[in-house]
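Novice: In my numbering, the protein residues as written are 3 to 460.
The beta carbon of each residue, even a glycine, is placed where N, CA and C say it ideally should be.
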Amino acid sequence: MAGRSSGRGTITSYVVSALNLDTWRDLPAAQQPEWPDRGALDDVVTELRGLPPLVFAGECDRLKDELAAVARGEAFVLQGGDCAETFAGATADNVRNKIKTLLQMAIVLTYAGRVPVVKIGRLAGQFAKPRSKNTETRDGVELPAYRGDMVNGFDFTEASRVPDPGRLLRAYHSSAVTLNLARAFTKGGYADLRQVHAWNQDFVAGSPAGQRYERLAREIDQALAFMSACGAEPAEFHTVEFYSSHEALILDYDHAMTRIDSRTGLPYDVSAHMVWIGERTRQLDHAHVEFFSKIRNPIGVKLGPTTTADEALTLVEKLNPSNEPGRLTFISRMGAGKVRDALPPLVEKVTASGAVVTWICDPMHGNTFEASGGFKTRRLDDVLDEVTGFFEVHRALGTHPGGIHIEFTGDDVTECVGGGHQILEEDLALRYETACDPRLNRSQSLDLAFRVAELYRG
Ligand code: PEP
Ligand code: MN
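1. Could you tell me whether any non-hydrogen atom of the ligand PEP is closer than 6 Å to the CB of residue 248?
2. Check the DSSP bridge columns for residue 379 and list the partner residues they point to.
3. Assign residue 465 to buried or exposed, taking buried as 16 or more other Cβ atoms, counted over all protein chains shown, within 10 Å of its Cβ.
4. State the Cα-Cα distance for the pair residue 448 and residue 320, rounded to the nearest angstrom.
5. Residues in the same chain with beta-carbon distance under 8 Å from residue 426, minus the five sequence neighbours each way, listed in chain order, please.
6. Bridge partners for residue 271 per DSSP, in chain order?
7. So which of 421, 138, 164 and 187 has the shortest CA-CA distance to residue 102?
8. Closer than 6 Å: is that where the CB of residue 84 sits relative to any heavy atom of the ligand MN?
9. Are the CB atoms of residue 165 and residue 37 nearer to each other than 7 Å?
10. Measure the C-alpha to C-alpha separation of residue 100 and residue 178 and round it to an integer number of angstroms.
11. What's the C-alpha gap between residue 144 and residue 113?
12. Do you know offhand how far residue 88's Cα is from residue 233's?
13. Would you mind sorting residue 33 into buried or exposed? The rule is 16 or more other CB atoms within 10 Å of its CB.
14. Looking at the ligand MN, does it come within less than 6 Å of residue 439, judged from the CB to the closest heavy atom?
15. Is residue 169 close to the ligand PEP? I mean its beta-carbon at under 6 Å from any heavy atom of the ligand.
16. Please report how far the alpha carbon of residue 328 lies from the alpha carbon of residue 210, in whole angstroms.
17. Verify the contact flag: residue 335, CB atom, against every heavy atom of the ligand PEP, threshold strictly below 6 Å.
18. Are there 16 or more other CB atoms within 10 angstroms of the CB of residue 445, so buried, or fewer, so exposed?
19. Do residue 189 and residue 438 have their beta-carbon atoms positioned less than 7 Å apart in this structure?
20. Can you name, in chain order, every residue of its own chain whose Cβ lies under 6 Å from the Cβ of residue 410, other than the five neighbours on each side?
21. Give every residue of the same chain whose Cβ lies closer than 7 Å to the Cβ of residue 429, excluding the five residues on either side of it in the sequence, and list them in chain order.
22. Taking residue 293 as the reference, give the member of 263, 58, 255 and 306 with the closest Cα.
23. Residues in its own chain within less than 7 Å of residue 55 by CB, not counting five upstream and five downstream?
24. Is the Cβ-Cβ distance between residue 335 and residue 367 less than 7 Å?
25. Quick check on the DSSP output: the alpha helix (DSSP H) that includes residue 294 runs from which residue to which?
26. I need the boundaries of the alpha helix (DSSP H) containing residue 197, first residue and last residue.
27. Is the beta carbon of residue 306 less than 7 Å from the beta carbon of residue 361?
28. Note down, one range per segment and in chain order, each alpha helix (DSSP H) of at least 4 residues found wholly within the stretch 14-72.
29. With DSSP collapsed to three states, give me the class of residue 448.
30. Report the residue ranges of all beta strand (DSSP E) runs contained in full by the stretch 210-265; include only those spanning at least 3 residues, in chain order.
31. Give the single residue among 123, 259, 325 and 85 whose Cα lies nearest to the Cα of residue 133.
32. Taking the alpha carbon of residue 205 as the point to measure from, which residue in 125, 30 and 414 has its own alpha carbon closest?
33. Taking 7 Å as the CB-CB limit, is residue 83 close to chain B?
34. What's the gap between the Cα of residue 225 and the Cα of residue 111?
35. Keeping to the same chain, check which residues put their C-beta closer than 8 Å to that of residue 35; ignore five residues upstream and five downstream.
36. With C-beta atoms as the reference, is residue 268 less than 7 Å away from residue 298?
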C-alpha cells in the first residue's frame with residue numbers, strides 16, 4: 003500500500019502537508035449550503051475559530067486506542083443518537099434519556115460479549131443533514147430542503163429555509179451544552195452500573211417480550227451480586243467514558259473547529275471526538291475525503307451497497323496511509339437484503355491488503371421505506387436482520403463484527419415499526435417527532451440490545 007514508509011522523509015512531508023488544512027477548498031464539495039451572504043459566513047467562521055475546543059485532542063487519541071482494541075476483537079462499539087439533533091432538543095430530559103438508554107444497551111452488550119463496550123453518542127454536534135433532494139414539495143409548494151438546524155429551519159416557510167450562518171454558532175453552543183450534560187451524567191454518579199441494571203430489570207418486567215430476556219438479566223444480576231459480595235467496588239462501576247461524534251458535513255464548521263494540538267503539533271477537529279463522512283460525500287476526489295485526510299481524530303466512513311472493494315482500498319490509502327489502528331472505522335449500511343452479498347468482498351479485500359480497519363454496522367440507513375400513511379419508517383426486524391447478516395459475514399471471514407451505529411431516542415416515540423410493543427404502520431402518527439430519519443424508541447433500542455446479545459452468544 004502506498005505511503006506506508008515510516009522513513010524520516012515521509013514523516014516530515016506528512017507533517018508539512020498535514021498543516022495545510024485548506025486543500026479541500028480546491029475540490030468539489032457535495033451537500034454544502036448556498037449561504038446567501040459570504041461576508042456573514044466569514045464573520046461566523048472567525049468567531050468560531052476563537053472559541054474554546056469542545057473536546058481535547060488527548061481524548062480523541064484515547065478513543066482511537068479504544069477503536070484499535072475493537073479492530074483487534076477486544077471491544078465492541080455502541081454508537082447512536084438522533085438522526086438530526088435540534089436546538090430545541092438540547093434539554094436535560096432529552097439528553098438524559100438518550101444516555102440512559104445507551105448505557106442500558108451497553109451493559110447488556112458488555113455482559114454478552116465479555117468485552118468492553120465503547121460508547122459513542124451521535125450527539126453534541128449532529129446538526130447537519132445531507133439530503134437526496136435539494137427541495138421539498140408540500141401541497142404544490144416547493145421550498146429548499148431542511149438541512150439540519152446548523153443550516154436552516156425545519157418550519158416549512160420560505161424564510162426559515164434560507165441558510166443562516168448564525169446557525170453554525172448556535173450549533174457550537176448547543177453542542178457545548180449537550181456535551182456538558184453528557185459529561186455530567188456519565189461522570190457524576192448517574193451512570194452507576196447497579197442503577198443501570200435496575201432500569202433494565204424494569205424494562206424486562208414491563209416488556210411484552212421480557213420473558214425472552216429474563217435469563218440474561220438474571221445472569222447479570224448474579225454477576226453483580228457476586229462482585230458486591232467480594233467487595234469489588236471499581237471506579238468503572240460509577241463512571242463511564244463517553245464520546246461524542248457527528249457527520250462532519252458542513253466543512254466551513256468543522257474546518258473552523260480544527261485546532262493544532264499543542265502536544266503534538268497536529269490538527270484535530272475539536273468539535274467532537276470522532277467524525278464521519280456520510281454515504282453522499284465519500285467521493286474519493288472530493289473535499290470531504292481531503293479534509294478528513296488532514297485531521298488526526300478517529301474517523302468513520304459510511305459504506306453503502308454500491309461501494310466497490312477498490313473504493314474501500316483507496317479510502318484506506320487516503321485516510322490512513324500509515325495504517326494506524328483505530329484511526330479508520332468503516333460503517334457499513336447495506337440494507338438487510340444486501341449485507342450478505344455486498345459486505346464480504348469489501349471485508350475480504352481490505353483485510354487481504356493488511357489494512358487495519360474497525361468494522362461497524364449501521365443497520366438503519368439501508369432499511370428505510372415509506373409506510374402507507376406517508377411516514378418514512380424502518381422495521382425493527384429488518385434492523386435485526388442486517389445486524390445478523392453483519393455478524394454472519396464477519397464470522398465467516400474470521401474478522402471481528404466491531405459494533406453497531408444506530409438512530410435512536412430515549413423517548414417513547416412511534417417512528418419505527420415492530421418491537422416488543424408491536425408498533426404498527428397505523429401507529430406511526432401517534433408520536434412521530436424526528437426532524438429527519440425515523441429512530442428506534444427506548445424499548446425498541448433495548449429489544450435490539452438483548453437481541454444483539456443473543457447473536458453474540460451464538
Ligand atoms: C445518517 O447517518 O443520517 C445518514 C444520512 O447516513 P448515510 O450517510 O449512511 O446515508
Ligand atoms: Mn439518518
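Specialist: Taking the definition as stated:
1. no
2. 371
3. Given that the chain is displayed from residue 3 to residue 460, the structure contains no residue 465 and the question cannot be resolved.
4. 37 Å
5. Sequence-distant Cβ neighbours of residue 426 in its own chain, meaning closer than 8 Å and more than five residues away, are 419.
6. As computed with DSSP, residue 271 is found in a beta bridge with 260.
7. 187
8. no
9. yes
10. 16 Å
11. 50 Å
12. 44 Å
13. Around the Cβ of residue 33, a 10 Å sphere holds 16 or more other Cβ atoms; the residue is buried.
14. yes
15. no
16. When rounded, the distance between both Cα atoms is 39 Å.
17. yes
18. buried
19. no
20. For residue 410, where only same-chain residues beyond five positions count, the Cβ hits under 6 Å are 82, 441, 442 and 447.
21. Correct list, in chain order: 416.
22. 255
23. 261 and 272
24. yes
25. 289-296
26. Judged by DSSP secondary structure, residue 197 falls within the alpha helix (DSSP H) whose first and last residues are 195-208.
27. no
28. 40-51
29. helix
30. 244-249 and 260-262
31. 85
32. 414
33. Reference to chain B is not applicable here, since this structure consists of a single protein chain.
34. 14 Å
35. 149, 153, 154, 165 and 252
36. yes
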